[in-house]
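Peer 1: Sharing a structure below in structure tokens format, with a few things to ask.
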Amino acid sequence: MSLLARLAPHLPYVRRYARALTGDQATGDNYVRVALEALAAGERQLSPDMTPRVALYQVFHAIWSSTGAQLEDASGIESRSGDDASGRLMRIAPRSRQAFLLTALEGFTPSEAAQILSADVHDVERLIGSAQAEIDAELATDVLIIEDEAIISADIESLVKELGHNVTATATTHDEAVDAVARHRPGLVLADIQLADGSSGIDAVKDILKRFDVPVIFITAFPERLLTGERPEPTFLITKPFQPETVKAAISQALFFHPSRQKEAA
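Given below as structure tokens:
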């Protein structure tokens, strides 16, 4: 199989990543082009110890770093930053931004991101945490928790507050959730599926989304009930029992990438 054939499925995604990383479409595309030219000329090789996708991103980063792009990137942050998602990204320290985008936008594991960045996996996890902290501090919001188990609700509330957000209400039923939203519009909803009186968290979220475009994270022991192809098809779905860091990462990503949050900041 030719080099182009091996890499073709991954090119749209590395271009997306390059544009997000550099904050500019033309600049990002140019770095991808240079990386491909280096591969074609034999100046760079895909590592046989990595999957083709991971190896392609690793070559891109090697090119980007060797050209002094990271220094150029750091010096140009102020001129290119703004209040939209791209501007917020550019205010995050370069290495933290790389680790965050590789895992949050591109879906790589921390181990794969470490391979791409030629870094230790623990360093990558630290960089991701740093990026999440910057995002959470800038996008602090009001949170509605829909959860009928008191201990789990308290755990989630504690995690939310650790990130600097404000829990405006906790609801244990569909009606309580709808009433809470009527009193105060949340900036984020964390929802279970099966609620105290037999009502549905899915239905509660559907009713909320009819009124507001708000990011939603489902935290549930019944993920199969959401994988139906019907709205709301969740971008963020966490299975119980959950790891605290998984919930924290999902909150950061949901707030950062949700279109309504980007419009509010514009």
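Read in order, the letters of the sequence shown correspond to residues 89 to 354 in the working numbering.
Think of the CB as a built atom: it goes at the ideal place given N, C-alpha and C, for glycine as much as any other residue.
Which stretch, first to last residue, makes up the beta strand (DSSP E) that contains V231?
Peer 2: Position 143 of the sequence shown, counting from 1, holds the residue named residue 231. Here the beta strand (DSSP E) through V231 covers 230-234.
Peer 1: Rounded to a whole number of angstroms, what is the C-alpha to C-alpha distance between F300 and P274?
Peer 2: What you label residue 300 is simply residue 212 of the sequence shown in a count that begins at 1. What you label residue 274 is simply residue 186 of the sequence shown in a count that begins at 1. Their backbone Cα atoms lie some 9 angstroms apart in a straight line.
Peer 1: Does DSSP put I239 in a helix, in a strand, or in coil?
Peer 2: Position 151 of the sequence shown, counted from the first residue, corresponds to residue 239. Helix.
Peer 1: Would a C-beta distance cut-off of 8 angstroms place T72 and E235 closer than the cut-off?
Peer 2: Shown here, the chain extends from 89 to 354; a query on residue 72 therefore has no answer.
Peer 1: What residue range is occupied by the uninterrupted alpha helix (DSSP H) comprising T334?
Peer 2: Position 246 of the sequence shown, counted from the start, is the residue given in the question as residue 334. It spans 332-345 - the alpha helix (DSSP H) in which T334 sits, taken as one unbroken run.
Peer 1: Just the Cα atoms here: how many angstroms apart are V266 and G217?
Peer 2: For this step, residue 266 is matched to residue 178 along the sequence shown. For this step, residue 217 is matched to residue 129 along the sequence shown. Distance between the alpha carbons of V266 and G217 is about 33 angstroms.
Peer 1: Name the two residues that bound the continuous alpha helix (DSSP H) containing A265.
Peer 2: As a first step, residue 265 is located in the sequence shown; it is residue number 177 there, counting from the start. 262-271 is the extent of the alpha helix (DSSP H) around A265.
Peer 1: Provide the residue(s) that pair with I408 in DSSP beta bridges, ordered along the chain.
Peer 2: For residue 408 there is no data in the structure shown, the boundaries of the chain being 89 and 354.
Peer 1: What does a CB cutoff of less than 7 angstroms around S135 pick up in its chain, not counting 5 residues either side in sequence?
Peer 2: Sequence index remark: in the sequence shown, residue 135 carries index 47 (1-based). A143, Q146.
Peer 1: Please go through the same chain and pick out, in chain order, the residues whose beta-carbon is closer than 6 angstroms to the beta-carbon of R107, but skip the five residues on each side of it.
Peer 2: Walking along the sequence shown from the start, residue 107 turns up at place 19. Here the set comprises Q113, G116.
Peer 1: Give me the DSSP bridge partner(s) of T258.
Peer 2: As a working note, residue 258 is residue 170 in the sequence shown. In the DSSP output, where bridge partners are listed per residue, T258 has I233.
Peer 1: Which two residues bound the contiguous beta strand (DSSP E) that contains V59?
Peer 2: No information on residue 59 is available, as it lies outside the stretch 89 to 354 that the chain covers here.
Peer 1: Just list the alpha helix (DSSP H) runs in the stretch 96-121, keeping only unbroken ones of 4 residues or longer that don't cross its boundaries, in chain order.
Peer 2: 99-110
Peer 1: In terms of residue numbering, what span does the alpha helix (DSSP H) encompassing L134 cover?
Peer 2: Numbered from its first residue, the sequence shown carries residue 134 at position 46. Per DSSP, L134 is not a residue of any alpha helix (DSSP H), being assigned neither H nor E.
Peer 1: Could you tell me the boundaries of the alpha helix (DSSP H) in which L205 lies?
Peer 2: For the purposes of this step, residue 205 is taken as the residue at position 117 of the sequence shown. Start and end: 198-205.
Peer 1: Roughly how many angstroms separate the alpha carbons of R53 and L343, rounded to a whole number?
Peer 2: No answer is possible for residue 53: it lies beyond the span of the chain, which begins at 89 and ends at 354.
Peer 1: Can you tell which of L227, V120, V293, Q282 has the C-alpha that lies nearest to the C-alpha of H346?
Peer 2: Locating residue 346 in the sequence shown gives position 258, where the first residue counts as 1. Answer by Cα proximity: L227.
Peer 1: Let's see if you can read the secondary structure: which residues bound the alpha helix (DSSP H) around A221?
Peer 2: For the purposes of this step, residue 221 is taken as the residue at position 133 of the sequence shown. From DSSP, the alpha helix (DSSP H) with A221 extends over 209-226.
Peer 1: By how many angstroms is the C-alpha of A202 removed from the C-alpha of R94?
Peer 2: Position 6 of the sequence shown holds residue 94. Position 114 of the sequence shown holds residue 202. Their Cα atoms are separated by approximately 22 angstroms.
Peer 1: Rounded to the nearest angstrom, what separates R179 and L99 at their Cα positions?
Peer 2: Locating residue 179 in the sequence shown gives position 91, where the first residue counts as 1. Locating residue 99 in the sequence shown gives position 11, where the first residue counts as 1. Roughly 26 angstroms separates the two Cα atoms.
Peer 1: Do you know offhand how far V304's Cα is from Q133's?
Peer 2: As a working note, residue 304 is residue 216 in the sequence shown. As a working note, residue 133 is residue 45 in the sequence shown. So the alpha carbons of these two residues sit roughly 41 angstroms apart.
Peer 1: Beta strand (DSSP E) containing A388: first to last residue?
Peer 2: Nothing in the structure corresponds to residue 388, since the chain is present only between 89 and 354.
Peer 1: A279 by DSSP, collapsed to three states: which one?
Peer 2: One-based indexing of the sequence shown puts residue 279 at position 191. It is a strand residue.
Peer 1: Which class does L177 belong to by DSSP, given the choice of helix, strand or coil?
Peer 2: Looking up residue 177 in the sequence shown gives position 89. Three-state DSSP puts L177 in a helix.
Peer 1: Span of the alpha helix (DSSP H) holding A187?
Peer 2: Indexing the sequence shown from 1 puts residue 187 at position 99. Here the alpha helix (DSSP H) through A187 covers 182-188.
Peer 1: Can you give the beta carbon distance from T261 to A284, rounded, assuming they're within the 8 angstroms contact cut?
Peer 2: Within the sequence shown, numbered from 1, the residue matching residue 261 stands at position 173. Within the sequence shown, numbered from 1, the residue matching residue 284 stands at position 196. So it is a contact: roughly 5 angstroms between Cβ atoms.
Peer 1: Classify S287 as helix, strand or coil using the three-state DSSP reduction.
Peer 2: By one-based count along the sequence shown, residue 287 stands at place 199. S287: coil per DSSP, three-state reduction.
Peer 1: Between the C-alpha atoms of A354 and D243, what's the straight-line distance to the nearest angstrom?
Peer 2: The sequence position of residue 354 within the sequence shown is 266, counting from 1. The sequence position of residue 243 within the sequence shown is 155, counting from 1. For A354, the predicted structure reports a pLDDT of 44, less than 50, and the residue's modelled location is therefore unreliable. A value from the coordinates is still provided. About 33 angstroms.
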